[in-house]
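Asks:
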Amino acid sequence: MSAAPPVFLGSEVVEKHLHRASLLIPSLEAALANFSSGAEGGVVQPVRTVVPVQKYSGFLGVMPAYSAKDDALTTKLVTFYEHKKDSSVPSHQATVLLFDPRNGSLKAVMDGSVITAKRTAAVSAIATKFLMPVDSEVLCILGAGVQAYSHYEVFTEQFSFKEVRIWNRTKENAVKFARSVKGPPVQVCSSAQEAATGADVIITVTMATTPILFGEWIKPGAHINAVGASRPDWRELDDEVMKNSVLYVDSREAALNESGDVILSRAEIFAELGEVVKGTKPALREKTTVFKSLGMAIEDTVAAKFVYDSWSAGN
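Per the working numbering, residue 504 is the first one in the sequence shown, and the count goes up by one each step.
Structure follows, in structure tokens:
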């Protein structure tokens with residue numbers, strides 16, 4: 504008897520079953536802790552393979568993962584391109600393949616862009632919960648793309664900020680963001696410095712290849728979620744930020760191979776976020792902290808299984 508054909512879950516279906524990033528937080532916390540537990544955590548996840556598409560300034564990434572405790576096996580195929588002229592096409596596009604770990608048959612093909620946006624924002628929220636200063640009031644978002652929207656959504660739901668600021672290299676996109684989001688009002692800033700100065704929590708979600716956030720702007724004790732600059736020669740943060748902060752990462756191995764902010768600054772990694780979740784490393788929220796997020800395949804695995812299980816329950 505042959506296996507049932509795989510289902511295709513498009514972006515609208517994925518969005519329906521994963522309408523809030525916060526739905527993923529409990530599962531992602533467990534997955535981060537399992538990842539940082541080594542073999543006993545049951546997570547197998549190699550560093551992503553990246554294929555350059557040099558002619559078109561693009562990349563194809565392949566991100567497989569298996570979680571024994573979640574009984575889930577996936578791989579994500581993700582492309583990221585620097586669209587300097589054609590902004591109608593997203594810079595990141597992704598597809599997630601969900602397999603049956605018992606026999607290897609393909610169960611589902613699903614749009615991975617919503618999954619990527621939601622799980623990334625949820626992990627940033629987890630880091631922020633542990634690391635942001637007590638009584639944080641000002642949130643700063645640098646960038647106005649897909650990740651800015653998903654981060655705004657989960658951060659304004661999970662935390663109570665009195666002020667939200669945004670800056671984007673193209674001001675029109677920042678204005679569009681401020682007008683379109685549903686939630687606390689957003690102040691559009693004319694410079695990254697204006698947005699970041701005095702902020703308690705800063706999120707960098709840009710396509711920058713050279714630093715856009717500088718240490719001299721950072722409020723002592725602030726927490727930074729650095730989400731962009733996912734290549735070893737790309738930067739969002741300058742050396743002063745990196746060297747004067749306590750550095751947390753999602754994966755040590757990935758950060759040392761993929762993050763230009765970490766590699767080029769030679770900043771010392773203090774802990775993986777999963778170690779903080781487990782309680783084996785402290786959350787030094789009284790210090791200035793950086794969480795360098797590269798995004799892990801196990802996060803996609805957990806999110807894809809959540810979507811598939813929710814869809815299956817309704818069918």
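All residues carry an ideal CB built from backbone N, CA and C; glycine is no exception. It should be emphasised that the depicted structure is a prediction, and the values quoted were computed from it without experimental measurement.
Assess, as a yes-or-no matter, whether the region 807 to 814 is touched by the region 589 to 602 under the definition of 3 or more beta carbon pairs within less than 8 Å.
Replies: Contact between the region 589 to 602 and the region 807 to 814 is present, because at least three Cβ pairs lie under 8 Å.
Asks: Quick one: is K610 buried, meaning 16 or more other Cβ sit within 10 Å of its Cβ, or exposed?
Replies: So K610 ends up on the buried side.
Asks: For the pair the region 622 to 631 and the region 514 to 533, tell me if three or more CB-CB distances fall below 8 Å.
Replies: Yes: the two stretches touch, three or more of their Cβ pairs being nearer than 8 Å.
Asks: What does the alpha-carbon distance come out to for the pair P593 and G817?
Replies: If you take the alpha carbons of P593 and G817, they lie about 30 Å apart.
Asks: Can you tell me where the beta strand (DSSP E) holding H726 begins and where it ends?
Replies: Residues 726 to 729.
Asks: In its own chain, which residues sit with a C-beta less than 6 Å from the C-beta of M504, not counting the 5 before and 5 after it?
Replies: Any reading at M504 needs caution, since the residue's pLDDT is 49, under 50, leaving its predicted position unreliable; the model's value is listed next. Within the same chain, M504 has no close Cβ partners at all.
Asks: Per the contact definition of three or more C-beta pairs closer than 8 Å, is the region 722 to 734 in contact with the region 670 to 680?
Replies: No, they do not touch.
Asks: Taking the alpha carbon of S560 as the point to measure from, which residue in R769, T582, I705, F664 has its own alpha carbon closest?
Replies: Nearest of R769, T582, I705, F664 to S560, Cα basis: T582.
Asks: Which residue's Cα is closest to the Cα of R738: M710, Y655, T577?
Replies: When each option's Cα is compared against that of R738, the closest is M710.
Asks: Would you grab the beta carbon distance between L645 and I705 for me? Rounded to a whole angstrom, and I think it's under 8 Å.
Replies: Rounded, the Cβ-Cβ distance is 7 Å, consistent with contact.
Asks: Of all the options S762, Y584, L576, D703, which has the alpha carbon lying nearest to the alpha carbon of V612?
Replies: Ranking the options by Cα distance to V612, first place goes to L576.
Asks: Check the DSSP bridge columns for H595 and list the partner residues they point to.
Replies: DSSP output for H595 lists F583 as bridge partner(s).
Asks: Between the alpha carbons of V641 and M635, how many angstroms are there, rounded?
Replies: Rounded to whole angstroms, V641 to M635 spans 11 Å at the Cα level.
Asks: When the distance is taken between beta carbons, is V752 closer than 9 Å to I772?
Replies: Taking 9 Å as the Cβ cut-off, I772 and V752 qualify as a contacting pair.
Asks: Ends of the beta strand (DSSP E) at K519?
Replies: Here K519 belongs to no beta strand (DSSP E); instead the alpha helix (DSSP H) covers 514 to 520.
Asks: Can you look up A536 in the DSSP assignment and give me helix, strand or coil?
Replies: Correct three-state label for A536: helix.
Asks: Just curious, the beta strand (DSSP E) that V752 is in, first and last residue?
Replies: Element bounds for V752: 749 to 752.
Asks: Alpha carbon to alpha carbon, what distance is there between K790 and K558?
Replies: When rounded, the distance between both Cα atoms is 43 Å.
Asks: Straight-line CA distance for R506 to A568?
Replies: The question names Arg, but residue 506 in the sequence shown is Ala. In a straight line, the C-alpha of A506 is about 22 Å away from that of A568.
Asks: Nearest CA to the CA of N747: which residue from R734, E719, Q548?
Replies: When only C-alpha atoms are compared, the closest one is E719.
Asks: Taking DSSP as the reference, what is the three-state secondary structure of E778?
Replies: If DSSP states are grouped into helix, strand and coil, E778 belongs with the helices.
Asks: If you count every other CB in all the chains shown that lies within 10 Å of the CB of P714, and 16 or more means buried, which is it?
Replies: So P714 ends up on the buried side.
Asks: Give the DSSP-derived three-state secondary structure of V684 in the structure shown.
Replies: Three-state DSSP puts V684 in coil, outside helix and strand.
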